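Residue numbering for the sequence shown follows my numbering, beginning at 12 and increasing consecutively. The block underneath contains the structure these notes are about, expressed in structure tokens.
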Amino acid sequence: MNNSVFSQKERNIIILIIVIVLGAILLYATRGLYAAFLGTSIMYTLFRPLNIFLIERWSWPKPISAITIIILSLFIIILPFLGIGSMLVNKVIELQEDRTWINKIIETINSFAGDKLGKPDFLKEQLEASAAYLGGMLTTIVGGAANIFLEISVMYFVLYFAFTNYRGFEKSLTHYMPFDEKQVTNFGTELKNVTYSNIIGQTIIAIIQGACLALGFVIFGVSDPLFWGVICAILSFIPLLGPPLIFVPAVLILLSQGQTWQGVGLLVWGFGLVINIDNLLRMIVAKKVGDIHPLITVVGVIIGLPLFGIIGLVFGPLLLVYFLMAIKIYTTNKRLSLKKETLEEKL
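Have a look at this one:
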């Protein structure tokens, strides 16, 4: 005999409330690891074909395949990223210790702006206008670097078990997703395309743009071409807007120092070559693997930087694209449900 004070429906509601509360607590407790989980999704998508190839075609043991992929990704993704981060930190420290040449450049540009534009405090005004925003953004980015090793460790821990049990991992995801089999397949294809487009495609674009700008700096006599080429490559994840943030100030510095032909040459080089490389390569990437609209990328970067730090340049746009993909699937489901209800009513 059942003496429970709750009906079956009431028990189900109570259990659902408990699940929601516990889920909210878990989400709050793991809020510092969202980047690790998103990184796991991205890395799994990128290296899934290689993992399946090693296991099913070459008959590698699953743990060996997973460890090999982890080591490979460390060398081609993580270590270069950490190396670039270390170079940036060292450069920032160097600039903080010796601000003489920065002040000299500011005075030179202000003098040039005063003579040519009638605005003697041109650069000072621009710096004051953007100092608060950039200061807060840089603090967020540097602060995000503090958890990078924890996030990498968690990412690889989850990734190892995902690769060693990839069939069960994918089956579980499919089982708990509120999509039918066809939608899951379409979702997986779109997920792969946008991930490849934003990671592989955008990385190739960034490297080529950074190399071209560094070459331009060498040709037109701008100091530290390698460093500024790396900065340009990072900012290239912001389509159209990124590279000009580097070469336009360099043009102003050259012009203010009386190096007119070098300044004009670098301006033409930047807008004529560096910017158009982005447009050309983006078209090629769109044809090969898929495209992400520049507006989505810019908005994603704005969202991603405060959330994830410097890796938000990559994670932000992807997170926004995944969100839009989920909305697309929801609207498709909604349309199918309405169509099914209409047919049932007619019958």
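Heads up, the beta-carbon is just placed ideally off N, CA and C, and yes, glycines get one too. Owing to the predicted nature of the structure, the values given are computational and were not obtained by experimental measurement.
Closest residue to M54 among N344, V325, E356 (Cα-Cα distance): Answer by Cα proximity: V325.
Per-residue burial, R346 [other beta carbons within 10 Å of its own, 16 or more giving buried]: Flag for R346 reads exposed.
Extent of the continuous alpha helix (DSSP H) to which R59 belongs: Element bounds for R59: 45 to 63.
N-terminal and C-terminal residue of the alpha helix (DSSP H) that M336 is part of: 323 to 357 is the span of the alpha helix (DSSP H), which, as asked, contains M336.
Residues near E8 by beta carbon distance below 6 Å, same chain, minus five either side: Residue 8 is absent from the model: the chain starts at 12 and stops at 358.
Where D289 falls, given that 16 or more other Cβ within 10 Å makes a residue buried: Counting other Cβ atoms within 10 Å of its Cβ, D289 reaches 16 or more and is therefore classed as buried.
Cβ-based neighbour list, N209, same chain, cut-off 7 Å, excluding 5 preceding and 5 following: The residues are I303, V325, P328, L329.
Buried or exposed by the 16-neighbour rule on C-beta atoms within 10 Å, applied to G232: Counting Cβ neighbours within 10 Å, G232 comes out exposed, since fewer than 16 surround it.
Sequence ranges, alpha helix (DSSP H) only - wholly within the segment 246 to 309, length at least 4: List check, alpha helix (DSSP H) in window: 255 to 267, 271 to 280, 286 to 299.
Selected residue, minimal CA-CA separation from L251, among T271, L277, L292: For L251, the nearest C-alpha among the options comes from L292.
9 Å Cβ cutoff met for C223 and L284: Taking 9 Å as the cut-off, the Cβ atoms of C223 and L284 count as close.
Of the residues T41, I257, F160, the one placed nearest F92, counting alpha carbons only: A check of alpha carbon separations from F92 across T41, I257, F160 identifies F160 as the nearest.
Classification of Y144 by the beta-carbon crowding that lies within 10 angstroms, buried from 16 upward: Confidence in Y144 is poor, its pLDDT being 48 and thus under 50, which makes the residue's placement unreliable; the coordinate value appears in the next sentence. Counting Cβ neighbours within 10 Å, Y144 comes out exposed, since fewer than 16 surround it.
Assigned exposure category for N204 - 16 Cβ within 10 Å defines buried: Result: buried.
4 or more residues per run - each alpha helix (DSSP H) lying fully within the segment 159 to 237: Qualifying alpha helix (DSSP H) stretches, in chain order: 159 to 175, 177 to 187, 192 to 207, 213 to 230.
Assumed close pair C243, I257 - CB separation to whole angstroms, cut-off 8 Å: The beta carbons of C243 and I257 sit about 5 Å from each other, so the pair counts as a contact at 8 Å.
Simplified DSSP state of W239, which is helix, strand or coil: DSSP places W239 in helix when its eight states are reduced to three.
Pairwise C-alpha distance: A40 and N180: Note that residue 180 corresponds to Phe in the displayed sequence, not to Asn. Between F180 and A40, the alpha-carbon positions lie close to 23 Å from each other.
Beta-carbon proximity check, F198 vs M188, cutoff 9 Å: Result yes, Cβ atoms of F198 and M188 sit closer than 9 Å.
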